[in-house]
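Participant: My questions all concern the structure below.
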Amino acid sequence: MIVSKPSRLRIALLCALNTSCALALLTLTASANAAEPSGCFAPLPASQNDVQRRNALPAVQNLCIRDVHEGRAAVLLPAADAARERWGFLDNQGQLVIKPVFEDVGDYHYGVAAAKQQGKWGFIDTTGNWLIQPGFDAVQPFTESGLAVVTVAGKSQIIDRKGAQVGKALGDLVDEAILSNGLPARLQLSFNSVLLSPDGVRHLATDKMEVAEPFGTQGLFIAFDASKGYGIVDENLGWRIAPQYAAITLDPRNPAVALAKNSDGITLIRADGVQDEQKYLSVSEETGAFWLAKTADGVKLLDNSAVVIATFSDSDAAALRVSGDYVLNPTSKENLIVFVPGRKQPLTLPAASEPWGQTTGEFLVTTRGEQKKVNAIIAPSGGMIGGAQNVGWLAQISSAEVINHRLWLRNDQGDVVNVVDSTGKALLNPKTISALENSRIEPLNAGDDHVTTQSPLALIRPEAGTSKTGAGFLKPDGSLQIDNKWQDIESADSSEDIGQFIVRTADGTGVIDAQGKVVIPLTEDNISPFVKGYALDYLDGKLTALDHAGKHYNLPDVFDLESVGNGWFRYHETAAEGALWGIYDAINQKMVIQPSYQDVGDYANNQVAVQTPKGLWGILDGQGKTMVEAKYAKVKRINSALWLLTQPATDDQPESRVIAEIIGNDTKTRIAPTAGLAVNQFSDGRILATSAAGQSWLLDAKGNIQLHEQQTRISALGDWVKLSRQPQEGYLSAQGDWQIQPAIDTRGSAFAQGRALRSTTAGFELIDDKGARVAAMPEGTWNLPLGSTWSVSYDPQNSEVATRYVDNTGKLVLTVAGFASRMVDGHAVLTRADGTKTWIDGQGKAADAVSYADLGLPHDGLAFAKTDTTYGFVDAQGNYVIAPVYSAVSPFDGGVAIVSTPAMSMMIDTTGKPLARLNKECGISVLYGAGSSRQWPQKMPDNCKP
Numbered sequence: 001m002i003v004s005k006p007s008r009l010r011i012a013l014l015c016a017l018n019t020s021c022a023l024a025l026l027t028l029t030a031s032a033n034a035a036e037p038s039g040c041f042a043p044l045p046a047s048q049n050d051v052q053r054r055n056a057l058p059a060v061q062n063l064c065i066r067d068v069h070e071g072r073a074a075v076l077l078p079a080a081d082a083a084r085e086r087w088g089f090l091d092n093q094g095q096l097v098i099k100p101v102f103e104d105v106g107d108y109h110y111g112v113a114a115a116k117q118q119g120k121w122g123f124i125d126t127t128g129n130w131l132i133q134p135g136f137d138a139v140q141p142f143t144e145s146g147l148a149v150v151t152v153a154g155k156s157q158i159i160d161r162k163g164a165q166v167g168k169a170l171g172d173l174v175d176e177a178i179l180s181n182g183l184p185a186r187l188q189l190s191f192n193s194v195l196l197s198p199d200g201v202r203h204l205a206t207d208k209m210e211v212a213e214p215f216g217t218q219g220l221f222i223a224f225d226a227s228k229g230y231g232i233v234d235e236n237l238g239w240r241i242a243p244q245y246a247a248i249t250l251d252p253r254n255p256a257v258a259l260a261k262n263s264d265g266i267t268l269i270r271a272d273g274v275q276d277e278q279k280y281l282s283v284s285e286e287t288g289a290f291w292l293a294k295t296a297d298g299v300k301l302l303d304n305s306a307v308v309i310a311t312f313s314d315s316d317a318a319a320l321r322v323s324g325d326y327v328l329n330p331t332s333k334e335n336l337i338v339f340v341p342g343r344k345q346p347l348t349l350p351a352a353s354e355p356w357g358q359t360t361g362e363f364l365v366t367t368r369g370e371q372k373k374v375n376a377i378i379a380p381s382g383g384m385i386g387g388a389q390n391v392g393w394l395a396q397i398s399s400a401e402v403i404n405h406r407l408w409l410r411n412d413q414g415d416v417v418n419v420v421d422s423t424g425k426a427l428l429n430p431k432t433i434s435a436l437e438n439s440r441i442e443p444l445n446a447g448d449d450h451v452t453t454q455s456p457l458a459l460i461r462p463e464a465g466t467s468k469t470g471a472g473f474l475k476p477d478g479s480l481q482i483d484n485k486w487q488d489i490e491s492a493d494s495s496e497d498i499g500q501f502i503v504r505t506a507d508g509t510g511v512i513d514a515q516g517k518v519v520i521p522l523t524e525d526n527i528s529p530f531v532k533g534y535a536l537d538y539l540d541g542k543l544t545a546l547d548h549a550g551k552h553y554n555l556p557d558v559f560d561l562e563s564v565g566n567g568w569f570r571y572h573e574t575a576a577e578g579a580l581w582g583i584y585d586a587i588n589q590k591m592v593i594q595p596s597y598q599d600v601g602d603y604a605n606n607q608v609a610v611q612t613p614k615g616l617w618g619i620l621d622g623q624g625k626t627m628v629e630a631k632y633a634k635v636k637r638i639n640s641a642l643w644l645l646t647q648p649a650t651d652d653q654p655e656s657r658v659i660a661e662i663i664g665n666d667t668k669t670r671i672a673p674t675a676g677l678a679v680n681q682f683s684d685g686r687i688l689a690t691s692a693a694g695q696s697w698l699l700d701a702k703g704n705i706q707l708h709e710q711q712t713r714i715s716a717l718g719d720w721v722k723l724s725r726q727p728q729e730g731y732l733s734a735q736g737d738w739q740i741q742p743a744i745d746t747r748g749s750a751f752a753q754g755r756a757l758r759s760t761t762a763g764f765e766l767i768d769d770k771g772a773r774v775a776a777m778p779e780g781t782w783n784l785p786l787g788s789t790w791s792v793s794y795d796p797q798n799s800e801v802a803t804r805y806v807d808n809t810g811k812l813v814l815t816v817a818g819f820a821s822r823m824v825d826g827h828a829v830l831t832r833a834d835g836t837k838t839w840i841d842g843q844g845k846a847a848d849a850v851s852y853a854d855l856g857l858p859h860d861g862l863a864f865a866k867t868d869t870t871y872g873f874v875d876a877q878g879n880y881v882i883a884p885v886y887s888a889v890s891p892f893d894g895g896v897a898i899v900s901t902p903a904m905s906m907m908i909d910t911t912g913k914p915l916a917r918l919n920k921e922c923g924i925s926v927l928y929g930a931g932s933s934r935q936w937p938q939k940m941p942d943n944c945k946p
């Protein structure tokens, strides 16, 4: 006999009135509805696993009929017009007491539930009437305090049950506010970041934006939206590229292009913030100027603008070679193809050319043949010497060195063969090389900061032991400036400033500038290189100090003298080992300090740091008087206005505990003694100081504090400043005022039974509702789960998994081996080593006969329990009272629970009798009561016939 689906359902519904028929009901409807799975349950997200275990809740959640709260269970049903689904509520008799009219709902808390209509949230009472009309963008449940957090136009506020704002407004910086149960109510605040541009303008990062790091050439930043992913923002923190990527990263070796990654591939973002249209399977940095990007069609060679320069097969790409920033393709038999940074078209070299083994910086040098003779030089501009054209002097090269962006080439004897500039021009012609015979060529390596377009490239000095006369310069264009009267020449400044030079002639010594103009007449006896503005000069056999203007200053007759700046010299009177330094003021011709110090620093701004024989540092003024007592391990100038003073540390003291402070030249404190104080400077002179405890200060170059906000971390993003206010946590009264003020470096739990946990840097403690400490907790990490009689810790004991419990006086009352849940009414759920679960009582005694795959705490005399695959309910002895036939269950609440199978969801009583049932018929959710009567929809669709 064939039974139609409606007929079988009618039989099952008649049976549902009889508890003994519950299994038959499940069996029939599961079979009847196999083609229409309801999707009415789902595993809890993995992120909630710890919370589930600690609170002994089911690992699977009901979806179509949610768990019961305060005698109400939210249910998802067709709207009255059947065009969409809406939420309503069942009471604990299984009756639909609030019709499905809401787009979304929360659960009931203290007689109020959140509900959403027309895109806005409000609050309803237990009859479904609006207690607070919908007008909020987001809401949180009402708490025991009678307060709730709502969001309007991105701003959080706290309201009472009348919908009125209470307490002080939270402010624009608040990103998220979370209010917890308990009296007083815990309020947790997190804040939006603020970016301070170099001109001092504040920019607020909204929409849960977190700015990660600077990028590109137009003031851009990589930023993250917690709900959408990574994108690019401009200097006004507007999204240049909307957040959409799982990650956006920069290669530290080549940050010119950002790699935006998603599951469908990698997109390149140029430095101007424009996305490349192509998606790549993989992208790797090949050199500082090129990238290799793989597609289904082959491997692309890209430049730093994400422009495709060439396309290769996988095998050809694997054969590519790298030399510096150049990419070489040796796969052709006719030639070697060279890709040059900044050029769209490659260069070609003769076949069998290969990179030279020596380091040649931004130049590419290649060799060819068995003897590995140099056959080509390619400059950064793409200019080339040699290659297909034979250049005879290339074969003489045996070594090379890059100095100030020019390639110096030497032969086996160490003689300069030629110098190649960044355009690929050889600066030395045959006539110049001939003129340099028997001369020493000494390149000037002063660094970019000291080099101008007129700076000489090298000093020309006659070779000792030859008849060669004349000294001078090799100029930037390769020409020579030689004066036969000059016998020798050297840089005048030991700081590598190559603007002036000491020249020696038969008539005396003097100083010239880079064009050969005399600055100090060539009549001095002997001039040493200048140190901190002064040189030592013998005049008429007497040692004097000489400034850059050629003025002489008498010096004392002592063993050793060194310039420390601004006319001051430190000196040793004798050559004795351990001799102390004194200080002499050459400008004012007076002794400042007799030999007294182990070390003397630079003298500037009428101040000098000195170290005593005991190894401690202090600061003297221009008269030699003590400004800062010598009691510091380190004294360091931050800039011309500020000092960083670091106190001595003990042998075992970590750097984060070492105390330091910042003072000004007036010795007034700018930042008081602080542990782990670190200092960084911006290019505009501003100073960022941070402490190990997370405090931050932004100072201008003079030491005036521009920013120092409590609980705010200040960090650098290029020349921008990022202000990240630390999360706050305190407790509110029913009026919305701080009853317990937020404190730095503390976290707490919600209040329960008049107590809350609070963590501090010293450990955990119990506090009362005034914030006063009641008791110190034992060592470890503690939490107070909702509804738990005792606080719980899961710190391992003797390297074994363990659970400890402390009562509300701070006394350790129980330790059990294994992971146990919160303790409620003298019961907790213990997870054994094999993963099975049982109960323990308040003395830690386990119910040995009870063993289930999942297990809850007793509610209304019953606890959920799971076999290997399905849930049921057991009594206090652990015996099944309601058979394990369900895929998802809730704990009992007010005598009812929600259960689900693949075919339906139901509300059942403590006997297992169904009070309401929801299953799919004709493609929609249908709600039945305890019997066969359909509660909703009131009318079935026309296409659904009995």
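Following my numbering, the numbering of the sequence shown begins with 1 at its first residue and continues without gaps.
For every residue, glycine included, the Cβ atom is placed at its ideal position computed from N, Cα and C.
Because the structure is a prediction, the values reported are computed rather than measured.
Take I178 and list the residues in its own chain whose beta-carbon comes closer than 6 Å to its own, dropping the five residues that flank it on each side.
Facilitator: Excluding sequence neighbours, I178 sits near Q188.
Participant: From this set, D825, H827, G826 and Y852, which residue's C-alpha is nearest D834's C-alpha?
Facilitator: The option with the nearest alpha carbon to D834 is Y852.
Participant: Use the C-beta contact count for Y108: other C-beta atoms within 10 angstroms, 16 or more gives buried, fewer gives exposed.
Facilitator: Classification of Y108: buried, given that the 10 Å Cβ count is 16 or more.
Participant: Ordered along the chain, which non-local residues of its own chain (more than five positions away) have a Cβ less than 7 Å from that of T760?
Facilitator: The residues are D745 and T746.
Participant: What is the residue span of the alpha helix (DSSP H) that T432 lies within?
Facilitator: Looking at the DSSP string, the run of the alpha helix (DSSP H) that includes T432 is P430 to A435.
Participant: Find out if the Cβ-Cβ distance for the pair D719, D684 is shorter than 8 Å.
Facilitator: Cβ atoms of D719 and D684: closer than 8 Å.
Participant: Using the three-state DSSP reduction, which class does G447 fall into: helix, strand or coil?
Facilitator: Coil.
Participant: Could you check how far apart the C-beta atoms of A964 and L63 are, in whole angstroms? I think they sit under 8 Å.
Facilitator: No statement about residue 964 is possible, as the shown extent of the chain runs from 1 to 946 and does not include it.
Participant: Three Cβ pairs or more, each shorter than 8 Å: is that satisfied between the region 320-336 and the region 282-297?
Facilitator: Because the criterion of three Cβ pairs below 8 Å is met, the region 320-336 and the region 282-297 touch.
Participant: Three or more beta-carbon pairs under 8 Å between the region 335-345 and the region 293-310, yes or no?
Facilitator: Segments in contact, yes.
Participant: Considering just the uninterrupted stretch of the alpha helix (DSSP H) at R54, what are its terminal residues?
Facilitator: Element bounds for R54: N49 to N55.
Participant: How is D314 classed by DSSP in three states: helix, strand or coil?
Facilitator: The answer is helix: DSSP assigns D314 an H, G or I state.
Participant: Reducing DSSP to helix, strand and coil, say where A35 ends up.
Facilitator: Its pLDDT being 33, under 50, A35 is placed unreliably by the model, and nothing is read from it.
Participant: Kindly confirm or deny that the region 130-138 and the region 935-944 touch, where touching means at least three C-beta pairs closer than 8 Å.
Facilitator: Contact between the region 130-138 and the region 935-944 is absent, because fewer than three Cβ pairs lie under 8 Å.
Participant: If you measure between the beta carbons of H552 and D540, is that distance less than 8 Å?
Facilitator: In this structure, D540 does not lie closer than 8 Å to H552 by Cβ.
Participant: For G392, does the three-state DSSP call read helix, strand or coil?
Facilitator: DSSP places G392 in helix when its eight states are reduced to three.
Participant: Between A846, V885 and T869, which has its C-alpha nearest Q947's C-alpha?
Facilitator: The structure shown does not extend to residue 947, since the chain spans only 1 to 946, so no value can be given for it.
Participant: Just tell me which of T901, K228 and L220 has its CA closest to the CA of E235.
Facilitator: It is L220.
Participant: Leaving aside the five residues before and after I248 along the sequence, list all residues of the same chain whose C-beta is less than 6 Å from its C-beta, in chain order.
Facilitator: So the qualifying residues of the chain are I222, Y230, A258 and A260.
Participant: If we call anything under 8 Å between Cβ atoms a contact, is Q454 one with A492?
Facilitator: In this structure, A492 does not lie closer than 8 Å to Q454 by Cβ.
Participant: Among the residues of its own chain, which have a CB less than 6 Å from the CB of H69, if the five just before and after it don't count?
Facilitator: So the qualifying residues of the chain are D107 and Y108.
Participant: Can you find the residues in the same chain that come closer than 6 Å, C-beta to C-beta, to Q938, ignoring five residues on each side of it along the sequence?
Facilitator: Once the five neighbours on either side are set aside, Q938 has no close Cβ partner at all.
Participant: Is Q611 near the ligand NAD, with its Cβ less than 7 Å from a heavy atom?
Facilitator: As for the ligand NAD, it is missing from this structure, which has no ligand bound.
Participant: What span of residues does the beta strand (DSSP E) with R570 cover, start to end?
Facilitator: Its beta strand (DSSP E) spans residues W568 to H572.
Participant: Measure the alpha-carbon distance for G929 versus D91 and round it to whole angstroms.
Facilitator: So the two alpha carbons sit approximately 11 Å from each other.
Participant: Classify P654 as buried or exposed, calling it buried when 16 or more other Cβ atoms lie within 10 Å of its own Cβ.
Facilitator: So P654 counts as exposed.
Participant: Can you check DSSP and say which residues form a bridge with S197?
Facilitator: For S197, which the question treats as bridged, DSSP gives no partner whatsoever.
Participant: Return the Cβ separation of S691 and G676 in integer angstroms, given the expectation that the two are a contact with Cβ distance under 8 Å.
Facilitator: The Cβ separation is near 5 Å, so the contact holds.
Participant: For G424 and A376, I'd like the C-alpha separation in whole angstroms.
Facilitator: Approximately 11 Å, taken between the alpha carbons.
Participant: Is it right to say A153 is buried, meaning 16 or more other beta carbons lie within 10 angstroms of its own, or is it exposed?
Facilitator: Its Cβ having fewer than 16 others within 10 Å, A153 is exposed.
Participant: Run through DSSP, which three-state label would S381 get?
Facilitator: In the structure shown, S381 sits in coil (DSSP, three-state: anything other than H, G, I, E or B).
Participant: Hey, could you find the ends of the beta strand (DSSP E) E629 is sitting in?
Facilitator: E629 -> beta strand (DSSP E) spans T626 to Y632.
Participant: By how many angstroms is the C-alpha of A115 removed from the C-alpha of I124?
Facilitator: Cα-Cα distance, rounded: 7 Å.
Participant: How big is the Cα-Cα spacing for P184 and D199?
Facilitator: Distance between the alpha carbons of P184 and D199 is about 43 Å.
Participant: With DSSP as the reference, identify every bridge partner of P43, one or two as the case may be.
Facilitator: Beta-bridge pairing links P43 to V60.
Participant: Whose C-beta lies closer than 6 Å to the C-beta of K866 among residues of the same chain, with five residues either side of it excluded?
Facilitator: If we look at K866 and ignore the five residues flanking it on each side, its Cβ neighbours are Y852, A853 and D854.
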